[in-house]
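J.:
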Amino acid sequence: MTVPVESVNHELLVLTNSFANGAIGPAEFRRRRRELVCAWTGESPPQVESAGASEDDTQPMLAAITDEDVAKAVQSVDEPQPVVPSQSKAWRLWATVVLLAFALTGAGALLWFVLRRSV
Amino acid sequence: MANWQFCALTDQGVRRKHNEDAVVAAPDIALWAVADGMGGHEAGDVASRMITDALARLQRPDNFSLFIDAVEDALVAANSTMRSHADKEFAGRMMGSTVVVMLAGPGYGACVWAGDSRLYRLRDGKLVALSRDHSQVQSLVDAGVLSAEQAESHPNANVITRAIGGATTLLVDVVMFDVLPADRFLLCSDGLYNELSAADITATLSQGNVADCAQSLIDQAVQNGARDNVSVIVLEPEVA
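Chains as they are written, first to last, in this note's numbering: chain A, 1 to 119; chain B, 120 to 359.
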């Protein structure tokens, strides 16, 4: 802890204000805060592989998004999508067929029972 | 990581029908927090419990800076949960909570907070507030418009500018501090410092063990009329 605590706290306050004003994004804010805290505690800054829930999606390990990527994404949204039954709709259809089969079997069995006794 | 002696107490106070404060002590990860809920029964008490429950579930990472991140993540998640709960259950009525969290490492600590719950440190007989209220009055003090003495009796002294559940985006503040073996710390809700002067808090914290101090602070607040719920956590590093 060679850095005076007042100095690190002042820098933390300035950093938080920069984040609050939108001057830096969440991932940059977190990275710089970790560096400040670690510089003061004497720990090594952690290697953060993936951003937390509250950090943004901009990761240094991800390829940069180009105009071509954006164009492809827009195109894929514009293309008509095939209509496929959703999982819940398919399940409902299957259940209806099974219930219908049970009902028909039951009706047939009842008819057979009644006709057999009357004969 | 040093061991800590601590005592956490919360009291309904004299005037309030419910206790909307909540406290959490998690010595295994060296985390203590006080939350002061707002919004009335089944809103304020739920809000403060949401925060303390979220903090109590935390796992401590090896790196202290990641521990701060984890606490912030927990508070951000509680903020979202609280806002959607308020929309669903109370048709958007205010539901929120202040929070002050103390995290300890070897020879140092961090304070993470939103609102006007406070962390104090007593060192060599001097009481210093390590957190800085997120309140209208504190903003005026920072701007040089009001003195600290004027702020204490200001009619808007209880108007806060930040809280968990207060806005879609949550911003918490963090300060670091060093810890010496003879230091004593106090986390508290405004129900304490609105009833006791800084001199009374200093005198009480200077005597006895942490359990006696915590009980005495609550007792004095109640004797003074305790218009609000009162919560305190008194703690000190264990001297080997």
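Glycine included, each C-beta is placed from N, C-alpha and C at the ideal position. This structure is a prediction, so every number in the text was calculated from the model and none was measured.
Taking only the alpha-carbon atoms, compute the straight-line gap between His137 of chain B and His160 of chain B and give it to the nearest angstrom.
T.: Numbered from its first residue, the second sequence carries residue 137 of chain B at position 18. Numbered from its first residue, the second sequence carries residue 160 of chain B at position 41. In a straight line, the C-alpha of His137 of chain B is about 7 Å away from that of His160 of chain B.
J.: Which residues in the same chain as Cys38 of chain A place their Cβ atom closer than 7 Å to its Cβ, once the five residues preceding and following it in sequence are excluded?
T.: Locating residue 38 of chain A in the first sequence gives position 38, where the first residue counts as 1. Here the set comprises Ser44 and Pro45.
J.: Expressed to the nearest angstrom, what Euclidean distance is found between the alpha-carbon atoms of Ala101 of chain A and Val114 of chain A?
T.: The count along the first sequence starts at 1 and reaches residue 101 of chain A at position 101. The count along the first sequence starts at 1 and reaches residue 114 of chain A at position 114. Approximately 20 Å, taken between the alpha carbons.
J.: Can you list, in chain order, the stretches of the beta strand (DSSP E) that have 3 or more residues and sit fully within the stretch 271-305 of chain B?
T.: 292-297
J.: Note the first and the last residue of the continuous beta strand (DSSP E) segment covering Leu128 of chain B.
T.: If you number the second sequence from 1, residue 128 of chain B lands on position 9. Counting along the chain, Leu128 of chain B sits inside the beta strand (DSSP E) bounded by residues Trp123 to Asp130.
J.: Judging by CA-CA distance, which residue of B:Gly244, B:Ser316 and B:Arg135 is the nearest neighbour of Ser272 of chain B?
T.: Sequence index remark: in the second sequence, residue 272 of chain B carries index 153 (1-based). Out of B:Gly244, B:Ser316 and B:Arg135, B:Ser316 has the C-alpha closest to the C-alpha of Ser272 of chain B.
J.: Helix, strand or coil: which one does DSSP assign to Lys245 of chain B?
T.: Stepping through the second sequence from its first residue, residue 245 of chain B is reached at position 126. DSSP places Lys245 of chain B in strand when its eight states are reduced to three.
J.: Which of the three DSSP states, helix, strand or coil, is assigned to Val195 of chain B?
T.: Residue numbering aside, residue 195 of chain B sits at position 76 when the second sequence is read from its first letter. In the three-state reduction of the DSSP assignment, Val195 of chain B falls in the helix class.
J.: Rounded to whole angstroms, what's the CA-CA distance from Asn21 of chain A to Phe29 of chain A? Just pull it up for me.
T.: The residue you call residue 21 of chain A lines up with position 21 of the first sequence. The residue you call residue 29 of chain A lines up with position 29 of the first sequence. When rounded, the distance between both Cα atoms is 12 Å.
J.: If we count the other Cβ atoms within 10 Å of its Cβ and call it buried at 16 or more, is His253 of chain B buried or exposed?
T.: Indexing the second sequence from 1 puts residue 253 of chain B at position 134. Of the residues assessed, His253 of chain B falls on the buried side of the cut-off, its CB having 16 or more other CB atoms within 10 angstroms.
J.: With a cut-off of 8 Å on the beta carbons, I'd call Phe125 of chain B and Ile352 of chain B a contact; round off their distance for me.
T.: Mapped onto the second sequence, residue 125 of chain B falls at position 6. Mapped onto the second sequence, residue 352 of chain B falls at position 233. About 6 Å; that satisfies the 8 Å criterion.
J.: Quick one: what's got a C-beta closer than 6 Å to Arg303 of chain B's C-beta in the same chain, skipping five residues either side?
T.: The residue labelled residue 303 of chain B in the question sits at position 184 within the second sequence. Here the set comprises Leu241, Leu324 and Glu355.
J.: Which parts of the stretch 139-200 of chain B are runs of the beta strand (DSSP E), unbroken and 3 residues or longer, counting only runs that do not cross its ends?
T.: 140-145 and 150-157
J.: If I follow the unbroken alpha helix (DSSP H) through Ala210 of chain B, where does it start and stop?
T.: In the second sequence, residue 210 of chain B corresponds to position 91, counting from 1. Neither: Ala210 of chain B is in no alpha helix (DSSP H) and is coded neither H nor E.
J.: Does Val14 of chain A come within less than 8 Å of chain B when only Cβ atoms are used?
T.: As a first step, residue 14 of chain A must be located in the first sequence, where it is residue number 14. No, because no Cβ of chain B sits closer than 8 Å to the Cβ of Val14 of chain A.
J.: Rounded to whole angstroms, what is the Cα-Cα separation between Gly310 of chain B and Val293 of chain B?
T.: Within the second sequence, residue 310 of chain B is the residue found at index 191, counting from 1. Within the second sequence, residue 293 of chain B is the residue found at index 174, counting from 1. Whole-angstrom Cα-Cα distance: 23 Å.
J.: Keeping to the same chain, check which residues put their C-beta closer than 6 Å to that of Ala223 of chain B; ignore five residues upstream and five downstream.
T.: Position 104 of the second sequence, counted from the first residue, corresponds to residue 223 of chain B. Within the same chain, Ala149 come within 6 Å of Ala223 of chain B by CB-CB distance, once the 5 residues on both sides are set aside.
J.: Determine, using beta carbons only, whether Val133 of chain B and Gly285 of chain B come nearer to each other than 8 Å.
T.: Counting from 1 along the second sequence, the entry for residue 133 of chain B is found at position 14. Counting from 1 along the second sequence, the entry for residue 285 of chain B is found at position 166. With contacts defined by Cβ atoms closer than 8 Å, Val133 of chain B and Gly285 of chain B do not form a contacting pair.
J.: Flag this pair as touching only if the stretch 182-196 of chain B and the stretch 260-277 of chain B have three or more C-beta atom pairs under 8 Å; answer yes or no.
T.: no
J.: Give every residue of the same chain whose Cβ lies closer than 6 Å to the Cβ of Ala127 of chain B, excluding the five residues on either side of it in the sequence, and list them in chain order.
T.: For this step, residue 127 of chain B is matched to residue 8 along the second sequence. So the list reads Val142, Ala144 and Ile352, once near-sequence residues are dropped.
J.: On the three-pair Cβ rule with 8 Å, is the stretch 227-243 of chain B touching the stretch 159-178 of chain B?
T.: Touching, no, given that fewer than three Cβ pairs across the two stretches are closer than 8 Å.
J.: Apart from the five residues just before and just after Ala270 of chain B, which ones in its own chain have a Cβ nearer than 8 Å to its Cβ?
T.: To locate residue 270 of chain B, count along the second sequence from 1; it is residue 151. The answer, listed in chain order, is Val256, Gln257, Leu259, Val260 and Ala276.
J.: With 7 Å as the C-beta to C-beta threshold (strictly closer), list the residues of the stretch 282-311 of chain B near chain A in chain order.
T.: Leu290, Asp292, Val293, Val294, Met295, Phe296 and Asp297
J.: Tell me the residue span of the alpha helix (DSSP H) that contains Ala262 of chain B.
T.: In the second sequence, residue 262 of chain B corresponds to position 143, counting from 1. It is not in any alpha helix (DSSP H) - Ala262 of chain B carries neither H nor E in the DSSP assignment.
J.: Would Gly224 of chain B pass as an interface residue toward chain A - the criterion being a Cβ-Cβ separation below 8 Å?
T.: Translated into positions along the second sequence, residue 224 of chain B becomes position 105. Gly224 of chain B counts as touching chain A.
J.: Can you round the beta-carbon distance between Asp206 of chain B and Ser167 of chain B to whole angstroms, since I take them to be within the 8 Å contact cut?
T.: Looking up residue 206 of chain B in the second sequence gives position 87. Looking up residue 167 of chain B in the second sequence gives position 48. That pair is no contact at about 19 Å.
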